[in-house]
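2 protein chains.
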Amino acid sequence: MFSIVNAGRAVEQRLEEALAPVGLTLTKFGMLLHLVEAGEPLSLSECAQKMSCVRSNITQLMDRLEADGLVQRVEDPQDRRAIRAAVTPLGAERQAAGAKEVTKVQAALAKTLSGTDPAALQTALSAVK
Amino acid sequence: MFSIVNAGRAVEQRLEEALAPVGLTLTKFGMLLHLVEAGEPLSLSECAQKMSCVRSNITQLMDRLEADGLVQRVEDPQDRRAIRAAVTPLGAERQAAGAKEVTKVQAALAKTLSGTDPAALQTALSAVK
DNA sequence: TCTATATAATTCATATATGAAGCAAGTTCG
DNA sequence: CGAACTTGCTTCATATATGAATTATATAGA
Chain X
1 MFSIVNAGRA VEQRLEEALA PVGLTLTKFG MLLHLVEAGE PLSLSECAQK MSCVRSNITQ
61 LMDRLEADGL VQRVEDPQDR RAIRAAVTPL GAERQAAGAK EVTKVQAALA KTLSGTDPAA
121 LQTALSAVK
Chain V
1001 MFSIVNAGRA VEQRLEEALA PVGLTLTKFG MLLHLVEAGE PLSLSECAQK MSCVRSNITQ
1061 LMDRLEADGL VQRVEDPQDR RAIRAAVTPL GAERQAAGAK EVTKVQAALA KTLSGTDPAA
1121 LQTALSAVK
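As given, the protein sequences belong to chains X and V, one line each in that order.
Every letter in the first sequence is one number past the one before it in this note's numbering, and letter 10, counting from 1, is 10.
With the second sequence counted from 1, adding 1000 to any position gets you this note's numbering.
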């Protein structure tokens, strides 16, 4: 059981290390990825859902992403309570650079697991979740 | 790759939920477990090594564990710089109670993974780490 | 022995995460 | 319509984590 926890943490750490030179953390990269994939500004509540976390966490994350110039809060004309997060050009650039690094980690990991049946591993891990 | 990260987080969360009724977090349980297993007070540097984290983290963790009455800082007569962490009776009691809950989670997880070859999974996950 | 260096712990700034409490703005219903 | 409820975000307290800077103590070497 602790193997699963440790393996998860080890992969997280590898990703953090790969993203650090790009100026991103795994959390920031994840948020940018969701925003880029969505193709439009998402409300902070939607962001919280995508990131599987509480909204107050997103408030703080957006503060940091905005301070980094990677995202901008924009008002929602449809709902004056809502605030949407829009990726800036710099944010999109960093996300793309991060994605390249993530792909490298993925390739390295695939090599490490070359002796393993990928489908079986996937099935097992999905069952846990 | 993200399956591994997600699976790890899912297991962590299950453990947190199982330990919460006992009044422990996974971090606190882990620290108590190391101390109980050691059978003697460990210096805070040794604690950091066991927990695979930096020492400043242990300083804070010990503050919380001491506030909970689960651990006590004791001076080291051999080295006046060092401070050792000693488990209190209450700490030992909680650790034992936590271990029972952890065992239950382990059993439930084994059931979930009943269709998987445990040795193969173990091998794959160990390779990642 | 005295100095330089290394080690032990703490403090501080910061990142990430949760959850409770609060305020503003929609929505529903009598 | 207006009160009650819900939703969206922020703020605050707290837990966990890192790393740089600081203080105290040990130890090695000239």
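Beta carbons are placed, not taken as given, at the ideal position from N, Cα and C, and that holds for glycine.
Worksheet item: Beta-carbon separation of serine 1126 of chain V and serine 114 of chain X under 8 Å?
Response: Here residue 1126 of chain V refers to the residue found at position 126 of the second sequence. Here residue 114 of chain X refers to the residue found at position 114 of the first sequence. Taking 8 Å as the Cβ cut-off, serine 1126 of chain V and serine 114 of chain X do not qualify as a contacting pair.
Worksheet item: Do the region 71-90 of chain X and the region 3-14 of chain X meet, that is, are 3 or more Cβ pairs less than 8 Å apart?
Response: Taking 8 Å as the limit for Cβ pairs, the verdict is that the region 3-14 of chain X does not touch the region 71-90 of chain X.
Worksheet item: Does the region 1011-1021 of chain V come close enough to the region 11-23 of chain X that 3 or more CB-CB pairs lie under 8 Å?
Response: The answer is no - the region 1011-1021 of chain V does not touch the region 11-23 of chain X, with fewer than three Cβ pairs under 8 Å.
Discussion item. Quick check: what's the CA-CA separation for alanine 107 of chain X versus glutamine 1095 of chain V?
Written reply: Numbered from its first residue, the first sequence carries residue 107 of chain X at position 107. Numbered from its first residue, the second sequence carries residue 1095 of chain V at position 95. The alpha-carbon atoms of alanine 107 of chain X and glutamine 1095 of chain V are separated by roughly 40 Å.
Worksheet entry | Whole-angstrom C-beta distance between leucine 70 of chain X and glycine 91 of chain X, which should lie under 8 Å | For this step, residue 91 of chain X is matched to residue 91 along the first sequence. For this step, residue 70 of chain X is matched to residue 70 along the first sequence. Confirmed, about 3 Å.
Discussion item. Could you give the first and the last residue of the continuous alpha helix (DSSP H) run that contains arginine 1009 of chain V?
Written reply: As a working note, residue 1009 of chain V is residue 9 in the second sequence. Going by DSSP, arginine 1009 of chain V is part of the alpha helix (DSSP H) stretching over 1002-1019.
Worksheet item: Helix, strand or coil: how does DSSP classify leucine 1061 of chain V here?
Response: Here residue 1061 of chain V refers to the residue found at position 61 of the second sequence. Helix.
Item to complete: Indicate whether at least one CB of chain V lies closer than 8 Å to the CB of glycine 51 of chain X.
Response: Here the question's residue 51 of chain X lines up with position 51 in the first sequence. For clarity, residue 51 of chain X is methionine in the given sequence; the question names glycine instead. With 8 Å as the cut-off, methionine 51 of chain X does not count as an interface residue toward chain V.
Discussion item. For a cutoff of 8 Å on Cβ pairs, would you count serine 126 of chain X as touching chain V?
Written reply: In the first sequence, the residue the question calls residue 126 of chain X occupies position 126. At least one chain V Cβ lies under 8 Å of serine 126 of chain X.
Discussion item. Does serine 43 of chain X come out as helix, strand or coil in the three-state DSSP assignment?
Written reply: As a working mapping, residue 43 of chain X is identified with position 43 in the first sequence. In this structure, serine 43 of chain X counts as strand in the three-state DSSP scheme.
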